[in-house]
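Colleague: Protein sequence lines correspond, in order, to chains A and B.
Add 17 to the 1-based position in the first sequence for the working numbering, that's all there is to it.
Add 1087 to the 1-based position in the second sequence for the working numbering, that's all there is to it.
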Amino acid sequence: ETGVTQTPRHLVMGMTNKKSLKCEQHLGHNAMYWYKQSAKKPLELMFVYNFKEQTENNSVPSRFSPECPNSSHLFLHLHTLQPEDSALYLCASSQKEGALREKLFFGSGTQLSVL
Amino acid sequence: GQNIDQPTEMTATEGAIVQINCTYQTSGFNGLFWYQQHAGEAPTFLSYNVLDGLEEKGRFSSFLSRSKGYSYLLLKELQMKDSASYLCAVGHTGRRALTFGSGTRLQVQP
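This is the structure we're talking about:
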């Protein structure tokens, strides 16, 4: 148990569907992240939020829409996805934003399949 | 830009020692992390190096050479439960999050 909970664990959706991924952290952290993990590829950073404000969008297509209502919750809204978007989507949190000695705590991810 | 290389797969025997290498090329280097990820589970933190040398933590040790852009994770007295992917990740000054390698999938055999 890492203190970061993601739901759902598995999701199958059609290309015309709209769905949302949810992440919640119980660690009192101020920064939250979305990463995409495809088979045999590095974890790709998608978005960074610090104190609810988006501080990085790593050139992610607009069919992925993040939302961070507070420091404990992070959503990823999905619409009109493509089959190549099928991947494991990982949420993470850290005490502070940034890659300077900040240990990331990951959720177990949502395994997404787009048909 | 950043580039991180690590072997895709490794196999080792229970009770043995295995070394997983990671090389990186980056500007503004500010620390290297190792994470362990079992299939279907969250990556979990193993170690952090920012200065040259060896950091030991139980059966796991991590080494860093900043001048060579090189790190390794050393696993001793391997157990079956050590079968997992091991992710090397680098922090950079000015970037808001870690950059990860593709991971090394370790299979421990009896």
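For glycine and all other residues, C-beta sits at the position ideal for the given N, C-alpha and C.
Assign B/Asp1139 to one of three DSSP states: helix, strand, or coil.
Modeller: By 1-based counting over the second sequence, the position of residue 1139 of chain B is 52. Here B/Asp1139 sits in coil by DSSP.
Colleague: Looking only at DSSP bridge pairs, what is A/Thr22 linked to?
Modeller: Position 5 of the first sequence, counting from 1, holds the residue named residue 22 of chain A. Beta-bridge pairing links A/Thr22 to A/Glu41.
Colleague: Looking only at C-alpha atoms, which of A/Leu121, A/Trp51, A/Gln54, A/Thr97 sits nearest to A/Lys35?
Modeller: One-based indexing of the first sequence puts residue 35 of chain A at position 18. The option with the nearest alpha carbon to A/Lys35 is A/Thr97.
Colleague: Give the secondary structure of B/Pro1094 by DSSP, where H, G and I count as helix, E and B as strand, and everything else as coil.
Modeller: Residue mapping note: residue 1094 of chain B aligns to position 7 of the second sequence, counting from 1. Coil at B/Pro1094, not helix or strand.
Colleague: I want to know whether the region 84 to 96 of chain A touches the region 1096 to 1105 of chain B - three or more CB-CB distances under 8 angstroms.
Modeller: The region 84 to 96 of chain A, when compared against the region 1096 to 1105 of chain B, does not touch it at the 8 angstroms Cβ threshold.
Colleague: Here's the rule: buried if 16 or more other CB atoms are within 10 angstroms of the residue's CB, otherwise exposed. What is B/Gly1127?
Modeller: As a position in the second sequence, residue 1127 of chain B is number 40, starting the count at 1. By the 10 Å Cβ count, B/Gly1127 comes out exposed.
Colleague: Report yes or no: do the region 30 to 47 of chain A and the region 1154 to 1170 of chain B share at least 3 C-beta pairs separated by less than 8 angstroms?
Modeller: The region 30 to 47 of chain A is not in contact with the region 1154 to 1170 of chain B.
Colleague: Does the beta carbon of A/Leu62 come closer than 8 angstroms to any beta carbon on chain B?
Modeller: Within the first sequence, the letter at position 45 stands for residue 62 of chain A. Yes, A/Leu62 lies at the interface with chain B (some Cβ there is under 8 angstroms from its Cβ).
Colleague: For A/Met63, tell me which candidate among A/Lys69, A/Asn74, A/Lys57 has the shortest Cα-Cα distance.
Modeller: Against the first sequence, residue 63 of chain A aligns to sequence position 46. The option with the nearest alpha carbon to A/Met63 is A/Asn74.
Colleague: Using a Cβ-Cβ distance cut-off of 8 angstroms, determine whether A/Thr33 contacts chain B.
Modeller: In the first sequence, counting from the first residue as 1, residue 33 of chain A sits at position 16. Taking Cβ atoms only, chain B never reaches closer than 8 angstroms to A/Thr33, which makes this a no.
Colleague: Should B/Leu1141 be flagged as near chain A, meaning a C-beta pair shorter than 8 angstroms?
Modeller: The residue given as residue 1141 of chain B occupies position 54 in the second sequence. It does not: the Cβ of B/Leu1141 has no partner Cβ on chain A nearer than 8 angstroms.
Colleague: Is it buried or exposed, A/Leu49, if we count other Cβ atoms within 10 angstroms and call 16 or more buried?
Modeller: Here residue 49 of chain A refers to the residue found at position 32 of the first sequence. The identity of residue 49 of chain A in the sequence shown is Met, whereas the question assumes Leu. Counting Cβ neighbours within 10 Å, A/Met49 comes out buried, since at least 16 surround it.
Colleague: Between the beta-carbon of B/Gln1166 and the beta-carbon of B/Thr1098, is there less than 8 angstroms?
Modeller: Start at 1 with the first residue of the second sequence, and residue 1166 of chain B comes out as number 79. Start at 1 with the first residue of the second sequence, and residue 1098 of chain B comes out as number 11. No.
Colleague: Mind listing which residues of the region 102 to 113 of chain A have their C-beta closer than 7 angstroms to chain B's C-betas, in chain order?
Modeller: Within the region 102 to 113 of chain A, no residue qualifies.
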